[in-house]
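To start, the structure under review is shown below, and the notes come after it.
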Amino acid sequence: MKYYILAGEASGDLHGANLMKALYNVDTDANIRFWGGDAMQNVGGTLVKHYKERAFMGFIEVILNLNKIFKLIRFCKKDIAEFKPDVIVFIDNSGFNLRIAKWAKQAGFKTNYYISPQVWASRAKRVFDIKRDIDAMYVILPFVEDFYKKYDYDVHFVGHPLIDAIADRTQVKDSTFRAENNLGDKPIIALLPGSRKQEITKMLSVMLSLVDDYPDYQFVIAGAPSQEFSFYQTFITSNNVKFIDNKTYDLLSISTAALVTSGTATLETALFKVPQVVCYKGSNISYQIAKRIITLKFISLVNLVMDKEVVIELIQNDFNKKRLQQELDKILEAENRKTMFLNYFELEKRLGGKGASKKTAELIYKSAQN
25 MKYYILAGEA
35 SGDLHGANLM
45 KALYNVDTDA
55 NIRFWGGDAM
65 QNVGGTLVKH
75 YKERAFMGFI
85 EVILNLNKIF
95 KLIRFCKKDI
105 AEFKPDVIVF
115 IDNSGFNLRI
125 AKWAKQAGFK
135 TNYYISPQVW
145 ASRAKRVFDI
155 KRDIDAMYVI
165 LPFVEDFYKK
175 YDYDVHFVGH
185 PLIDAIADRT
195 QVKDSTFRAE
205 NNLGDKPIIA
215 LLPGSRKQEI
225 TKMLSVMLSL
235 VDDYPDYQFV
245 IAGAPSQEFS
255 FYQTFITSNN
265 VKFIDNKTYD
275 LLSISTAALV
285 TSGTATLETA
295 LFKVPQVVCY
305 KGSNISYQIA
315 KRIITLKFIS
325 LVNLVMDKEV
335 VIELIQNDFN
345 KKRLQQELDK
355 ILEAENRKTM
365 FLNYFELEKR
375 LGGKGASKKT
385 AELIYKSAQN
């Protein structure tokens, strides 16, 4: 059968790649056309647009690029109409995907959504659009299933695909990884500043401001696959900072602590059992708008799943050198680390077992046949 998949950022690319692998297993003759990134492209299928072409973050950034976005939407509709897929699979990225979904449903295409838009965080009325435009929804966080029940919308909780992605990877040997990447013997503090240039610019300079205060540790930047080293290089001014490109999981597997930009990376860091400080800073206008429409107690997925503060969140003005240093000191202390580890193990239980991508692929395959 023919599948059209729409993913819009690094995390969507990762989940999309794992879903594609599972689809090829359940439907060996699958014809997959997609919007995504390098991970999906490495699996197979036909890449239409790379997510780097539409990596806009924040309300103001989106407004400034509206013409480009509307042009991409028109192109996407035309491409779907010409391909005539048996099913369209949307992955997160609600601003773009829900617009396509409305058109697709009216055009008679089957619509499946994998990884729900964050309607549970803001603008809950979008649920009514989802109920109208989406034939089947597959969610990866347990509290999202409960949220949709309030609106009489039955969704499938399939577990979290990160558990599969981490469990199935080949574990690196600490000494070998250090030697291959020119790392010394000092314990590692991993820096995960995000994947978009806008957020990396805001996050990385503050993270790196701590380097000189921790001579007994080495700081290692986890480079995103969507950015070149030359971009990161402009922020690096110390010999005690290393850069590793597109090997975030390997880096986390040998790290002592991490400073992490809010997003999927907070959950990945937790599943690798690395104590972390969660950081976020956007443009002031975007932050002020978000503060007024987001109804959550927390911004990190770790705290949201656990429904309590497991990891410290430094948001906007709280994200500064003084506070960051205070919180890093805390997660380097043995007793605090022990507490965080115990919470991480409970978090993994709540996310369900392995097999999220397989379950989702099987459900999508069945829905496309009906």
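Going by the numbering used here, the first residue of the sequence shown is number 25, and it counts up by one from there. Heads up, the beta-carbon is just placed ideally off N, CA and C, and yes, glycines get one too. In this text, all values refer to a predicted model and were calculated from it rather than measured experimentally.
For residue i, the nearest candidate out of the options (CA to CA)
{"i": "GLY183", "options": "ALA385, GLN142, GLY379, LYS390", "result": "GLY379"}
{"i": "ARG156", "options": "ASP178, ALA145, GLU223, PRO239", "result": "ASP178"}
{"i": "LEU215", "options": "SER254, TYR241, LYS174", "result": "TYR241"}
{"i": "ASP237", "options": "GLU370, VAL143, LEU90, LEU348", "result": "LEU348"}
{"i": "ASP274", "options": "ALA191, MET330, GLY306", "result": "ALA191"}
{"i": "LYS92", "options": "PRO109, ILE115, MET231, PHE120", "result": "PHE120"}
{"i": "ILE418", "options": "ALA31, LYS149, ARG193, ASN360", "result": "Nothing about residue 418 can be reported from this structure: the residues present for the chain run from 25 to 394 only."}
{"i": "ILE323", "options": "ALA105, SER146, ALA385, VAL298", "result": "SER146"}
{"i": "THR194", "options": "GLN142, PHE94, LYS271", "result": "LYS271"}
{"i": "ASP116", "options": "GLY377, SER219, GLY36", "result": "GLY36"}
{"i": "LEU101", "options": "LYS210, GLN130, LYS297, ASP353", "result": "Checking the displayed sequence, the identity of residue 101 turns out to be Lys instead of Leu. Ranking the options by Cα distance to LYS101, first place goes to GLN130."}
{"i": "ALA294", "options": "GLU223, LYS373, PHE243, HIS180", "result": "LYS373"}
{"i": "LYS221", "options": "VAL302, ALA385, ILE212, GLY247", "result": "GLY247"}
{"i": "CYS303", "options": "PHE296, LYS297, VAL284", "result": "VAL284"}
{"i": "SER233", "options": "MET64, ILE29, LEU352", "result": "LEU352"}
{"i": "ASP110", "options": "GLN257, ILE29, PRO299", "result": "ILE29"}
{"i": "TRP144", "options": "ASP170, ILE245, ASN344, LYS95", "result": "ASP170"}
{"i": "LYS354", "options": "ILE212, ALA63, GLN300", "result": "GLN300"}
{"i": "LEU328", "options": "THR70, LEU375, ILE104", "result": "LEU375"}
Counted within 10 angstroms of its Cβ, other Cβ atoms place residue i as buried (16 or more) or exposed
{"i": "ASN357", "result": "Looking at the sequence itself, residue 357 is Glu, so the reference to Asn does not match. By the neighbour-count rule (16 or more Cβ atoms within 10 Å), GLU357 is not buried but exposed."}
{"i": "ILE87", "result": "exposed"}
{"i": "SER254", "result": "exposed"}
{"i": "ARG98", "result": "exposed"}
{"i": "GLY208", "result": "exposed"}
{"i": "SER262", "result": "exposed"}
{"i": "ASP331", "result": "exposed"}
{"i": "ASP51", "result": "buried"}
{"i": "ALA152", "result": "Here residue 152 is Phe; the residue named in the question, Ala, does not match the sequence. Classification of PHE152: exposed, given that the 10 Å Cβ count is below 16."}
{"i": "ASN42", "result": "buried"}
{"i": "GLU77", "result": "exposed"}
Short CB-CB distance (under 8 Å) between residue i and chain D
{"i": "TYR137", "result": "Among the chains in the structure shown there is no chain D, since it carries only a single protein chain."}
Whole-angstrom C-beta distance between residue j and residue i, which should lie under 8 Å
{"i": "ALA128", "j": "ILE112", "result": "5 Å"}
{"i": "LEU371", "j": "VAL326", "result": "6 Å"}
{"i": "PHE243", "j": "ASN264", "result": "6 Å"}
{"i": "TRP59", "j": "TYR75", "result": "7 Å"}
{"i": "LYS45", "j": "PHE107", "result": "Not confirmed; about 21 Å, so no contact."}
{"i": "ALA189", "j": "LEU38", "result": "7 Å"}
Counterpart residues of residue i in DSSP-defined beta bridges
{"i": "LYS73", "result": "TRP59"}
{"i": "VAL265", "result": "PHE243"}
{"i": "GLU337", "result": "VAL302"}
{"i": "GLN283", "result": "In the sequence on display, residue 283 carries Leu and not Gln. Per DSSP, LEU215, VAL301."}
{"i": "MET161", "result": "TYR137"}
{"i": "ILE115", "result": "ALA31, TYR138"}
{"i": "LYS26", "result": "ASN55"}
Segment contact flag, the segment 133-152 with the segment 161-171, C-beta cutoff 8 Å, min 3 pairs: Segments in contact, yes.
Per the contact definition of three or more C-beta pairs closer than 8 Å, is the segment 334-342 in contact with the segment 285-301? Three or more beta-carbon pairs drawn from the segment 285-301 and the segment 334-342 are found closer than 8 Å, and the two stretches are therefore classed as touching.
Does the segment 276-288 come within contact of the segment 187-206, defined as at least 3 CB pairs closer than 8 Å? Contact holds: three or more Cβ-Cβ distances are below 8 Å.
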